[in-house]
Amino acid sequence: MISNRILTGDAVLDVLDDLARLRITVFRDWPYLYDGDIEHEREYLTAYRHPGAVVVAAYDGELMIGAATGAPMEDHAEGFRTAFAGRPEQLDEIFYCAESVLLPDYRGRGLGHVFFDGREAQGRALGRRYSAFCSVQRPTDHPLRPADYRPLDDFWRKRGYEPLSGVVAEFDWKDIDAPDSTKKPLQFWMKTL
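Residue numbering for the sequence shown follows UniProt numbering, beginning at 1 and increasing consecutively.
Written as structure tokens, this is what we have:
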């Protein structure tokens, strides 16, 4: 039976290893192609114990099968400040819906909505006016792109999100087929809460 849990504060620390393993597994696939390691993941994820942050986790029994993270935008990466420079929205008005990861066998069951609902509720509870996330941009002719890949753009639009023209962050990570880390562009999407 699938259940959902909202985790904040120190409760996030109790699930760090499960969340780290889940992220490494899911982000290994297209379009992220992330060659992650548990220590880096644990270090990154500890930020989600800070006030205002949330983890919306999905379980099948006691197995974490999916999770979504979120935090006040100003508490997140410095690269976001650069991406939003010149925008009318202030970072402290935005709730950042960070990563969503879900094992393939559980997709198509409405958990994507659960993940956004939980994070958007957290944003509203914090008095945020906007909710935003970013998605990695890969070339359409990338050699590892699956032939049956369907972008999530339609799902995001149905939730009220639109891409922000010119609002792109760059982050680096090591791809599964690369010897070193390289920068990737991530396009921001946003909606009014």
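Beta carbons: idealized from backbone N, C-alpha and C, even for Gly.
Beta-carbon gap between residue i and residue j smaller than 8 angstroms
i: Val26; j: Gly118; result: no
i: residue 211; j: Asp29; result: Residue coverage of the chain in this structure runs from 1 to 193, which leaves residue 211 outside it and unanswerable.
i: Val167; j: Arg81; result: no
i: Ser131; j: Lys184; result: no
i: Tyr59; j: Arg5; result: yes
i: Leu193; j: Arg145; result: no
i: Gly70; j: Ala98; result: yes
i: Gly108; j: Ala169; result: no
i: Ile38; j: Ile24; result: yes
i: Trp189; j: Pro151; result: no
In DSSP terms, what residue i is bridged to
i: Lys183; result: Asp172
i: Ile6; result: Val56
i: Ala68; result: Val56 and Ser100
i: Phe27; result: BP columns for Phe27 are empty, so no partner.
i: Met190; result: Ala132 and Glu162
i: Tyr34; result: Asp175
i: Leu63; result: Asp60
Between the CA atoms of residue j and residue i - distance to the nearest angstrom
i: Met64; j: Leu19; result: 7 angstroms
i: Phe116; j: His142; result: 29 angstroms
i: Glu41; j: Tyr32; result: 15 angstroms
i: Ser165; j: Pro139; result: 18 angstroms
i: residue 196; j: Asp10; result: The requested residue 196 does not occur in the structure, where the chain is confined to residues 1 to 193.
i: Gly110; j: Ala83; result: 31 angstroms
i: Glu74; j: Asp92; result: 6 angstroms
i: Leu7; j: Val114; result: 14 angstroms
i: Arg157; j: Glu62; result: 32 angstroms
i: Tyr44; j: Asp148; result: 31 angstroms
i: Tyr161; j: Asp177; result: 32 angstroms
i: Gln137; j: Ala53; result: 25 angstroms
i: Thr182; j: Asp153; result: 24 angstroms
Whole-Å CB distance - residue i paired with residue j, under 8 angstroms assumed
i: Phe155; j: Gln122; result: With 8 angstroms as the limit, Phe155 and Gln122 do not qualify as a contact, their Cβ atoms being about 20 angstroms apart.
i: Gln187; j: Cys134; result: 6 angstroms
i: Ala67; j: Val101; result: 6 angstroms
i: Pro72; j: Leu126; result: 6 angstroms
Range covered by the beta strand (DSSP E) that runs through residue i
i: Val15; result: Unbroken run through Val15: none, as it is neither H nor E.
i: Tyr130; result: Tyr130 to Val136
Residue i - containing alpha helix (DSSP H), residue span
i: residue 222; result: Any answer about residue 222 is impossible in this case: the structure gives the chain only from 1 up to 193.
i: Gln122; result: Leu111 to Ala125
i: Asp154; result: Asp153 to Lys158
i: Tyr44; result: Ile38 to Leu45
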